[in-house]
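For the sequence shown, numbering that gives the first Met the number 0 begins at 0 and goes up steadily by one.
Note sheet for the following structure.
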Amino acid sequence: MKGTVYLIGAGPGDPGLLTLRGKEILEKADVVVYDRLVSPAILGMCNPKAKMVDVGKMPTHHKVKQSEINRLLVQFACEFPGGVIARLKGGDPFVFGRGGEEALELVAAGVEFEVVPGITSAISVPAYAGIPVSHRGIATSFHIITGHEKAESSSNVIPAQAGISSVPVGLDFPALAHCPGTLIFLMGVANMDFIARRLMECGKDPKTPLAFIEKGMTPYQRTVMATLETAGETIARENVTAPAITIMGGVVELGQTLAWKKNLPLAGKRLVVTRAAKQASGISARLTALGAEVIETPMIETRDVIPATSSVIPAKAGISSADFNALANFDILAFTSTNGVESFFRQLFAAGYDVRVLAGKKIASVGKITEKKLLEYGIRCDYVPEDHTGEGLGRLLASLLVDHSRILLLQGNLADDTLLKLLPQATRWVVYETLPVAELPEWKREAVVGADAVVFASTSAVENFCSVILSYTTLGASPLSGSYALWVGERSSESKDLNRESLTTPASCSPRLAFCIGRMTESAARKHGFETVTSDETTMDSLVKKIVEHYKKES
Ligand code: SAH
Numbered sequence: 000m001k002g003t004v005y006l007i008g009a010g011p012g013d014p015g016l017l018t019l020r021g022k023e024i025l026e027k028a029d030v031v032v033y034d035r036l037v038s039p040a041i042l043g044m045c046n047p048k049a050k051m052v053d054v055g056k057m058p059t060h061h062k063v064k065q066s067e068i069n070r071l072l073v074q075f076a077c078e079f080p081g082g083v084i085a086r087l088k089g090g091d092p093f094v095f096g097r098g099g100e101e102a103l104e105l106v107a108a109g110v111e112f113e114v115v116p117g118i119t120s121a122i123s124v125p126a127y128a129g130i131p132v133s134h135r136g137i138a139t140s141f142h143i144i145t146g147h148e149k150a151e152s153s154s155n156v157i158p159a160q161a162g163i164s165s166v167p168v169g170l171d172f173p174a175l176a177h178c179p180g181t182l183i184f185l186m187g188v189a190n191m192d193f194i195a196r197r198l199m200e201c202g203k204d205p206k207t208p209l210a211f212i213e214k215g216m217t218p219y220q221r222t223v224m225a226t227l228e229t230a231g232e233t234i235a236r237e238n239v240t241a242p243a244i245t246i247m248g249g250v251v252e253l254g255q256t257l258a259w260k261k262n263l264p265l266a267g268k269r270l271v272v273t274r275a276a277k278q279a280s281g282i283s284a285r286l287t288a289l290g291a292e293v294i295e296t297p298m299i300e301t302r303d304v305i306p307a308t309s310s311v312i313p314a315k316a317g318i319s320s321a322d323f324n325a326l327a328n329f330d331i332l333a334f335t336s337t338n339g340v341e342s343f344f345r346q347l348f349a350a351g352y353d354v355r356v357l358a359g360k361k362i363a364s365v366g367k368i369t370e371k372k373l374l375e376y377g378i379r380c381d382y383v384p385e386d387h388t389g390e391g392l393g394r395l396l397a398s399l400l401v402d403h404s405r406i407l408l409l410q411g412n413l414a415d416d417t418l419l420k421l422l423p424q425a426t427r428w429v430v431y432e433t434l435p436v437a438e439l440p441e442w443k444r445e446a447v448v449g450a451d452a453v454v455f456a457s458t459s460a461v462e463n464f465c466s467v468i469l470s471y472t473t474l475g476a477s478p479l480s481g482s483y484a485l486w487v488g489e490r491s492s493e494s495k496d497l498n499r500e501s502l503t504t505p506a507s508c509s510p511r512l513a514f515c516i517g518r519m520t521e522s523a524a525r526k527h528g529f530e531t532v533t534s535d536e537t538t539m540d541s542l543v544k545k546i547v548e549h550y551k552k553e554s
């Protein structure tokens, strides 16, 4: 049995525009093979344990060849029998995404596949710039065209001319010139001078309005207006670079009135949120709604405690790692977190057991969220305290007419002793541990370093962030050695001439600005060289307000 390959459209960049189906698959993927245009926020949604394979590597300007990508997909399907292989592409996989070629290869190799369409950049990037691709009375059709043709793909293609790469001479320019609908060119910037000239030669009005929308849906989104006759010179003057959409036709003018995105208070800002994944989503959603691009970068992570290798179990009576052979000694199992539930079952299954070992046992949960998590494993709770606290759970269990030594608590290494104090004869198994994150995934480093600011809600987040960032910049110890200069140099022009020796504070090689909750957090950030903006109150509401005020003042 081979794995299944999912050809997934990641949409144009905004993580909110990924489909639910796409997200569902990414969350359980064993391997994710992704392209350059996929945003870091979407990569952040992938199963943290997935093997991440970047086939659009930019730093060396070596893109993995299409034939090699096809081969890789088949190889992963064989390496992960029954597994989930996500092939994640920008926009829609079948709109100039070569998804069809990959699918054909999978069919030939007998690999099952599914296509998860995505929102194509061709219509959504203009929409974010306030340009509708069709509009009553202005355009009754729209046409999506490639502005770049691979030399081998058409016998009509002329050899590359000086400065012109793979000119799309195979296009039917007379037909396009006479077509009254909106023309949308993908991959067209490099050849736009040629394309515009050919369209005018074939009779298209030189005054046709045109917009280039560059780096759509990123903090660097920019709309540059021109006309057909000024297209080439505008690209040169304004230095329009890929990725960009070129859109031609009367609808372009609506963008002047309808541009909505760039007016949002945090438009153009990329912010790193360092909260733990579960707590981050609230603040991330609010910052995103205000127009920011958010890179969630939790500074702690949880890991299953594997009994044999455990070093985190305190040497205290009644506390140990899991020993499934001993489950028969307990009548009641109590869970105090969803992490505990997940780690317990993951390890139970890995050890070769299934839920039948719980037959006849009573199950207790600290609250509703943990109760719901248990239900996902087919387990209904017998006991949930009304007040949803550890103390409430302890009192509830203490009141039951059972021998307390037959109660088993399944918790993390940082759980406090509340339950053990109320139930001194109970046994506690530490099934997961919480650790500081030691490094950032490779795909995230550039996004974090290039961000405008970091959001910190605790001193430990500041300390962890700084030690992670410094671990990439310590002399000699940099895992990035070769690409280091590029990594730092690319984030802004001012940092280009920084040399390695001067990079001694985290703030000199990461965003300089920190938004902080709490004075302790603020002073930790200052100590590491950040400029700080601190919320008036210790709430997320107050911090979000402060962030908006800060950027309002700045502009
Ligand atoms: N399958 C993709 C298109 C791949 S071709 C889709 O459906 O969107 C790559 C081209 O798409 C780029 O050269 C550019 O023209 C366009 N593009 C993709 N993402 C873009 C973005 N965020 N901003 C501007 N153009 C983008």
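The beta carbon of each residue, even a glycine, is placed where N, CA and C say it ideally should be.
Among 132, 15, 114, 116, whose alpha-carbon lies nearest the alpha-carbon of residue 122?
By one-based count along the sequence shown, residue 122 stands at place 123. Residue 122 has its Cα closest to that of 132, out of 132, 15, 114, 116.
Would you kindly work out how many angstroms separate the C-alpha atoms of residue 243 and residue 186, rounded to a whole number?
Translated into positions along the sequence shown, residue 243 becomes position 244. Translated into positions along the sequence shown, residue 186 becomes position 187. Rounded to the nearest angstrom, the two C-alpha atoms are 7 Å apart.
Consider the C-beta atom of residue 95 and the heavy atoms of ligand 1; say whether any pair is separated by less than 7 Å.
One-based indexing of the sequence shown puts residue 95 at position 96. Placement of the Cβ of residue 95 at a distance of less than 7 Å from at least one heavy atom of ligand 1 is found.
Of the residues 91, 234, 295, 25, which one's Cα is nearest the Cα of residue 46?
Start at 1 with the first residue of the sequence shown, and residue 46 comes out as number 47. Restricting attention to 91, 234, 295, 25, the CA atom closest to the CA of residue 46 is found in 25.
Ignoring anything shorter than 4 residues, give me the alpha helix (DSSP H) runs that lie fully in the stretch 189-274, in order along the chain.
Complete alpha helix (DSSP H) runs here, min 4: 191-200, 230-237, 254-257.
Between 336, 346, 303, which has its C-alpha nearest residue 324's C-alpha?
Here residue 324 corresponds to residue number 325 of the sequence shown, with the count starting at 1. Of 336, 346, 303, the residue nearest in Cα terms is 346.
For a test of the three-state rule: what should DSSP assign to residue 141, helix, strand or coil?
Counted from its first residue, the sequence shown places residue 141 at position 142. The three-state reading of DSSP puts residue 141 in strand, counting E and B together.
Please determine whether the Cβ atom of residue 246 lies at a distance below 7 Å from any heavy atom of ligand 1.
Here residue 246 refers to the residue found at position 247 of the sequence shown. Using a cutoff of 7 Å, the CB of residue 246 does not count as near ligand 1, since none of the ligand's heavy atoms is closer than that.
What do you reckon, are the CB atoms on residue 362 and residue 381 nearer than 8 Å?
Here residue 362 is taken as the residue at index 363 of the sequence shown, counted from 1. Here residue 381 is taken as the residue at index 382 of the sequence shown, counted from 1. The answer is yes: Cβ separation under 8 Å.
Excluding the five sequence neighbours on either side, which residues of its own chain have a C-beta within less than 8 Å of the C-beta of residue 370, listed in chain order?
Numbered from its first residue, the sequence shown carries residue 370 at position 371. Only 364, 380, 383 meet the Cβ criterion.
Classify residue 7 as helix, strand or coil using the three-state DSSP reduction.
Counting from 1 along the sequence shown, the entry for residue 7 is found at position 8. Assignment of residue 7 by DSSP, reduced to helix, strand and coil, places it in the strand class.
Verify whether the separation of the beta carbon atoms of residue 422 and residue 397 is less than 8 Å.
Working through the sequence shown from its first residue, we reach residue 422 at position 423. Working through the sequence shown from its first residue, we reach residue 397 at position 398. Yes, the pair counts as a contact, with Cβ atoms nearer than the cut-off.
What does the alpha-carbon distance come out to for the pair residue 39 and residue 294?
Within the sequence shown, residue 39 is the residue found at index 40, counting from 1. Within the sequence shown, residue 294 is the residue found at index 295, counting from 1. Counting only the Cα atoms, residue 294 lies some 7 Å from residue 39.
Using a Cβ-Cβ cut-off of 6 Å (strictly less than) and excluding sequence neighbours within five positions of residue 549, which residues of its own chain qualify?
Indexing the sequence shown from 1 puts residue 549 at position 550. Cβ within range, chain order: 532.
For residue 63, which residues in the same chain have their Cβ closer than 6 Å to its Cβ, ignoring the five residues on either side in sequence?
Here residue 63 refers to the residue found at position 64 of the sequence shown. Correct list, in chain order: 54.
Report yes if the CB atom of residue 183 is closer than 8 Å to the CB atom of residue 142, and no otherwise.
One-based indexing of the sequence shown puts residue 183 at position 184. One-based indexing of the sequence shown puts residue 142 at position 143. Yes; because the gap between Cβ atoms is below 8 Å, this pair is in contact.
Cβ contact check for the stretch 261-278 and the stretch 188-206: 3 or more pairs under 8 Å
Proximity of the stretch 261-278 to the stretch 188-206 falls short of the contact definition, fewer than three beta-carbon pairs being nearer than 8 Å.
Which of helix, strand or coil does DSSP assign to residue 343?
Reading the sequence shown from its first residue, position 344 is the one you call residue 343. In the structure shown, residue 343 falls within a helical segment according to DSSP collapsed to helix, strand and coil.
Sequence-distant residues of its chain with Cβ nearer than 6 Å to residue 225 (five each side left out):
Taking the sequence shown and counting its residues from 1, the one referred to as residue 225 is at position 226. Leaving aside the five residues that flank residue 225 on each side, the residues in its chain whose CB is nearer than 6 Å to its CB run, in chain order, 209, 233.
Could you check if residue 248 is buried or exposed, using at least 16 other CB atoms within 10 Å of its CB as the buried criterion?
Sequence index remark: in the sequence shown, residue 248 carries index 249 (1-based). Buried.
C-alpha gap between residue 58 and residue 129, whole angstroms
For the purposes of this step, residue 58 is taken as residue 59 along the sequence shown, with counting starting at 1. For the purposes of this step, residue 129 is taken as residue 130 along the sequence shown, with counting starting at 1. At residue 58 the pLDDT is 43, less than 50, meaning the model places this residue with poor confidence; the figure from the coordinates comes in the next sentence. A direct Cα-to-Cα measurement between residue 58 and residue 129 gives close to 33 Å.
Output needed for residue 166: all residues of its chain with C-beta closer than 6 Å, excluding positions within five of it in sequence on either side, in chain order.
As a first step, residue 166 is located in the sequence shown; it is residue number 167 there, counting from the start. Counting only Cβ-Cβ distances below 6 Å, and skipping sequence neighbours, we find 190, 193.
Residue span of the alpha helix (DSSP H) that contains residue 291, given as start and end:
Position 292 of the sequence shown, counted from the first residue, corresponds to residue 291. Neither: residue 291 is in no alpha helix (DSSP H) and is coded neither H nor E.
Proximity test, Cβ basis, 8 Å: residue 13 and chain B
Here there is only one protein chain, and chain B is not present.
Beta-carbon contacts of residue 227 that lie in its chain and below 8 Å, excluding the five residues immediately before and after
As a working mapping, residue 227 is identified with position 228 in the sequence shown. Excluding residues within five positions, the ones whose Cβ falls inside 8 Å are 195, 198, 199, 203, 204, 205, 206, 207, 209, 247.
Have a look at residue 218 and residue 65 and give me their C-alpha separation to the nearest angstrom.
Residue numbering aside, residue 218 sits at position 219 when the sequence shown is read from its first letter. Residue numbering aside, residue 65 sits at position 66 when the sequence shown is read from its first letter. Answer to the nearest angstrom: the Cα atoms are 29 Å apart.
Could you give the residue range of the beta strand (DSSP E) that holds residue 515?
Here residue 515 corresponds to residue number 516 of the sequence shown, with the count starting at 1. Element bounds for residue 515: 512-515.
Would you report the Cα separation of residue 377 and residue 400, rounded to the nearest angstrom?
On the sequence shown, position 378 is the one that residue 377 refers to. On the sequence shown, position 401 is the one that residue 400 refers to. For the pair residue 377 and residue 400, the Cα-to-Cα distance works out to about 26 Å.
Given the structure, does residue 212 come close to ligand 1, in the sense that its CB is under 7 Å from one of the ligand's heavy atoms?
Against the sequence shown, residue 212 aligns to sequence position 213. Yes, since a heavy atom of ligand 1 falls inside the 7 Å radius drawn around the Cβ of residue 212.
Starting from the Cα of residue 606, find the closest Cα among 117, 251, 274 and give me that residue.
No answer is possible for residue 606: the residues shown for the chain start at 0 and end at 554.
Can you tell which of 417, 91, 464, 443 has the C-alpha that lies nearest to the C-alpha of residue 388?
To locate residue 388, count along the sequence shown from 1; it is residue 389. Residue 388 has its Cα closest to that of 417, out of 417, 91, 464, 443.
Near residue 172, which residues of its chain fall below 7 Å by C-beta distance, leaving aside the five closest residues on each side in sequence?
The count along the sequence shown starts at 1 and reaches residue 172 at position 173. Listed in chain order, the non-local C-beta contacts of residue 172 below 7 Å within the same chain comprise 197, 198, 201, local neighbours out to five positions each way being set aside.
Close-in-space but distant-in-sequence residues of the same chain around residue 279 (CB under 6 Å, 5 per side omitted):
Looking up residue 279 in the sequence shown gives position 280. So the qualifying residues of the chain are 272, 295.
If you reduce the DSSP assignment to three classes, tell me which class residue 170 lands in.
Position 171 of the sequence shown, counted from the first residue, corresponds to residue 170. DSSP, read as helix, strand or coil, puts residue 170 in coil.
Exposed or buried, residue 515, counting other C-beta atoms within 10 Å across all chains shown (16 or more means buried)?
As a working note, residue 515 is residue 516 in the sequence shown. It is buried - the Cβ of residue 515 has at least 16 other Cβ atoms within 10 Å.
What would DSSP say about residue 123, mapped onto helix, strand or coil?
Along the sequence shown, read from residue 1 onward, the residue named residue 123 stands at position 124. Residue 123: helix per DSSP, three-state reduction.
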